[in-house]
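**Q**
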Amino acid sequence: LHLDPVRARRYKFGSTLIHGLNGSLRAIDLATSKMVNPIMLREISIQFVKPVFQEETVEVFIGKLSVDKISIELHKDGKRVQIIDISFEVLKDTTPNMRYSTYWKGGLANPQELLIEDIGDLRGELKLQWDELAFEAVFPSLKKMIPDVQCSTLLGTTKIVGMICPGLNSVYASLRLKFRASSENSVSSLNYRVVSSDARFSRVVMSIHNSVGEGEIEAFFRPPPVQQATYTSICGLLNDNRFAGRNALIIGGSRGIGEVIAKLLAAGGANSVITYANGKEDADCVEKEITQSGGCCKVVPYNVLSGERNIVFNAFEGMITHIYYLASPLVGKSDSALWDHAAFSNYCRYYVQGLADLLAPLVQNKDYRRSDLAIFVPSTVFLNEAGQGFGEYVAAKSAAEVFCTQVRLKCPSWTLEVPRLPRLLTDQTSAVVNARPLETAKTILEYL
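According to our numbering, the sequence shown is numbered sequentially starting from 231.
#1: Is there contact between the segment 436-449 and the segment 400-409, where contact requires at least three CB pairs shorter than 8 Å?
#2: So, helix, strand or coil for PHE612, using DSSP?
#3: Does the separation of the CB atoms of ARG410 and VAL442 fall below 8 Å?
#4: Taking only three categories from DSSP, how would you classify MET265?
#5: How many Å lie between VAL425 and GLY486 at the Cα?
#6: Looking at the secondary structure, which residues open and close the beta strand (DSSP E) in which ARG310 lies?
#7: Since SER432 and PHE451 should fall inside the 8 Å C-beta cutoff, what is the C-beta to C-beta distance between them, to a whole number of angstroms?
#8: If you draw a straight line from the C-alpha of VAL205 to the C-alpha of VAL288, how long is it?
#9: Just to check my reading of the structure: PHE612 and VAL593 have Cβ atoms closer than 8 Å, yes? What is that Cβ distance to the nearest angstrom?
#10: Should the segment 260-272 be regarded as contacting the segment 373-386, the criterion being three or more beta carbon pairs within less than 8 Å?
#11: Of the choices GLU511, GLN380, GLU285, LEU398, whose alpha-carbon is the least far from that of PRO453?
#12: Report yes or no: do three or more beta-carbon pairs, one from the segment 515-530 and one from the segment 565-582, lie closer than 8 Å?
#13: Runs of 3 residues minimum, wholly inside the segment 567-649: which ones carry the beta strand (DSSP E) assignment?
#14: Closest to LEU304 by CA distance: which of ILE258, THR610, PRO608 is it?
#15: So which of GLU286, ILE276, HIS571 has the shortest CA-CA distance to ILE248?
#16: For VAL529, tell me which candidate among SER575, TYR581, SER419, VAL542 has the shortest Cα-Cα distance.
#17: Please state the DSSP three-state secondary structure of CYS515.
#18: Touching or not, the segment 380-392 and the segment 355-364, by the rule of three or more beta carbon pairs under 8 Å?
#19: So, with DSSP's three-state summary, where would you put CYS527?
#20: Mind checking who LEU356 pairs with in its DSSP beta bridge?
#21: With C-beta atoms as the reference, is ASN471 less than 8 Å away from PHE546?
#22: Name, in chain order, the residues that DSSP records as bridge partners for HIS439.
#23: Taking the continuous beta strand (DSSP E) assigned at LYS306, which residues delimit it?
#24: If you compare alpha carbons, which of ILE394, THR505, VAL297 is closest to SER484?
#25: Output needed for TYR685: all residues of its chain with C-beta closer than 6 Å, excluding positions within five of it in sequence on either side, in chain order.
#26: Cutting at 8 Å between CB atoms, please list the residues of its own chain near VAL582, excluding the five before and the five after it.
#27: Out of THR246, ASP602, ILE316, which has the shortest C-alpha to C-alpha gap to ALA261?
In structure tokens, the structure reads:
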């Protein structure tokens with residue numbers, strides 16, 4: 231989620247995120263850079279309100295509540311993403327005590343993949359890691375102004391969340407930590423214990439403690455990447471070659487609905503080409519799964535915002551008979567007060583302009599213009615059932631429907647199917663309750 235953009239796109243967030251605690255420490259580093267004397271933390275609380283994607287601009291607001299308390303807020307696009315409250319003691323010495331004379335490296339190699347049902351009485355001890363030079367290179371003011379043992383304890387909390395519980399599929403929600411008044415000058419571990427969990431909300435609360443301090447972590451289990459139905463299971467839904475003779479171009483066929491359509495068409499005898507913008511690894515897996523079982527499928531790279539269209543057109547020996555247009559940006563709920571023009575414009579780039587650019591050469595080609603080209607452009611049931619916070623997305627989908635109407639008028643021999651699909655199980659709707667992959671395939675099959 232933090233390092234691999236291909237794998238990150240398989241999660242609900244759709245892209246790589248910064249480590250929440252990394253953002254916190256960067257902000258505290260900035261705050262301490264304005265201090266004269268070093269400090270010893272007494273209490274710290276952090277609320278991770280919203281995720282921050284890598285390369286996003288974050289504003290830091292630092293408020294001094296009193297001589298020994300500060301409040302820090304991180305904002306992006308005018309919205310709070312983190313809230314940090316700190317109380318501390320100002321030290322008289324020019325350098326804080328509790329410095330390590332040595333440091334540790336190594337630790338857990340791979341994150342655990344726990345289920346919330348597995349953690350009832352989970353407890354353990356995390357061996358803390360500390361690399362003085364590496365920490366100082368990233369957080370120079372923290373290294374200078376706050377004791378090492380406190381910094382390493384803070385780092386240990388994010389390792390508990392990301393590597394142990396919940397582990398791989400985790401979201402760090404909040405931290406409350408109270409440091410002891412007479413802390414030791416060395417610490418090597420951090421103990422943790424699950425104190426409560428709630429499967430309804432995928433929520434877990436853990437107590438933590440060591441010789442430096444004690445507190446509480448709140449985290450959530452995020453849905454794992456969605457696995458669509460296998461090609462073999464999808465073949466069981468069809469008992470004929472109903473799609474034989476189709477030369478099908480599937481824009482965005484590496485995951486989600488596009489992946490399902492590719493498998494359905496291949497199971498029914500179609501010759502398909504699927505495209506990807508970023509997920510080559512995923513697209514290759516779909517192709518391999520289909521072709522190893524006797525189906526026809528090719529993969530070509532294509533970005534609807536900037537792609538070379540001849541690449542996809544030349545992937546077929548004959549004319550394209552069907553186009554399935556599944557290109558989409560990350561769909562997210564807007565928290566704008568009224569309207570997020572940038573989000574609306576971005577949706578339209580994919581749903582309208584990207585489709586228009588793809589079809590433009592075909593409209594100008596007399597053979598294609600006279601053909602019985604069939605185009606499938608999924609819309610959304612949200613046009614019938616207003617979803618609060620999705621106005622920009624719904625408006626862009628509505629614009630796509632209007633555009634498809636114009637295409638019908640320009641090319642009357644073409645068939646455009648623009649069904650308002652219900653919410654189906656995909657990476658971006660992974661929280662759909664009781665959804666099963668094969669049910670998604672059955673629903674899509676009705677529209678093909």
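Even for Gly, the Cβ is constructed at its ideal location relative to N, Cα and C.
**A** According to the structure data:
#1: They touch, by the three-pair rule.
#2: If DSSP states are grouped into helix, strand and coil, PHE612 belongs with the helices.
#3: In this structure, ARG410 sits near VAL442, with a CB-CB distance shorter than 8 Å.
#4: MET265: coil per DSSP, three-state reduction.
#5: Near 37 Å, if we compare the C-alpha coordinates of GLY486 and VAL425.
#6: Unbroken beta strand (DSSP E) run through ARG310: 309-320.
#7: Right, the Cβ-Cβ distance comes to about 4 Å (below 8 Å), so this counts as a contact.
#8: Outside the displayed range of the chain (231 to 678) lies residue 205, so it cannot be described from this structure.
#9: Contact check for PHE612 and VAL593: beta-carbon distance about 29 Å, past the 8 Å limit, so the pair fails to qualify.
#10: Using a Cβ-Cβ distance cut-off of 8 Å, the segment 260-272 and the segment 373-386 are in contact, since at least three pairs of beta carbons, one from each stretch, lie closer than that value.
#11: The shortest Cα separation from PRO453 among GLU511, GLN380, GLU285, LEU398 belongs to LEU398.
#12: Result no; under three Cβ-Cβ pairs closer than 8 Å.
#13: Taken in chain order, the complete beta strand (DSSP E) segments of 3 residues or longer contained in the segment 567-649 are 604-606, 645-647.
#14: That would be ILE258, whose Cα lies nearest to the Cα of LEU304.
#15: That would be GLU286, whose Cα lies nearest to the Cα of ILE248.
#16: Considering only alpha carbons, the answer is VAL542.
#17: Reduced to three states, the DSSP call for CYS515 is helix.
#18: Counting Cβ pairs under 8 Å, three or more are found: they touch.
#19: The three-state secondary structure of CYS527, taken from DSSP, is strand.
#20: Partner residues in the beta bridge of LEU356, as assigned by DSSP, are LEU420.
#21: Note that the C-beta distance between ASN471 and PHE546 is not below 8 Å.
#22: In the DSSP assignment, HIS439 forms a beta bridge with ASN421, GLU444.
#23: Its beta strand (DSSP E) spans residues 299-306.
#24: The closest CA to that of SER484, considering only ILE394, THR505, VAL297, is found on THR505.
#25: This structure does not reach residue 685, given that the chain is present from 231 up to 678, and the question cannot be answered.
#26: A distance below 8 Å between beta-carbons, with the five flanking residues on each side excluded, links VAL582 to the following residues of its chain, in chain order: ALA626, ALA629, ALA630, PHE633.
#27: With distances taken between Cα atoms, ALA261 lies closest to ILE316.
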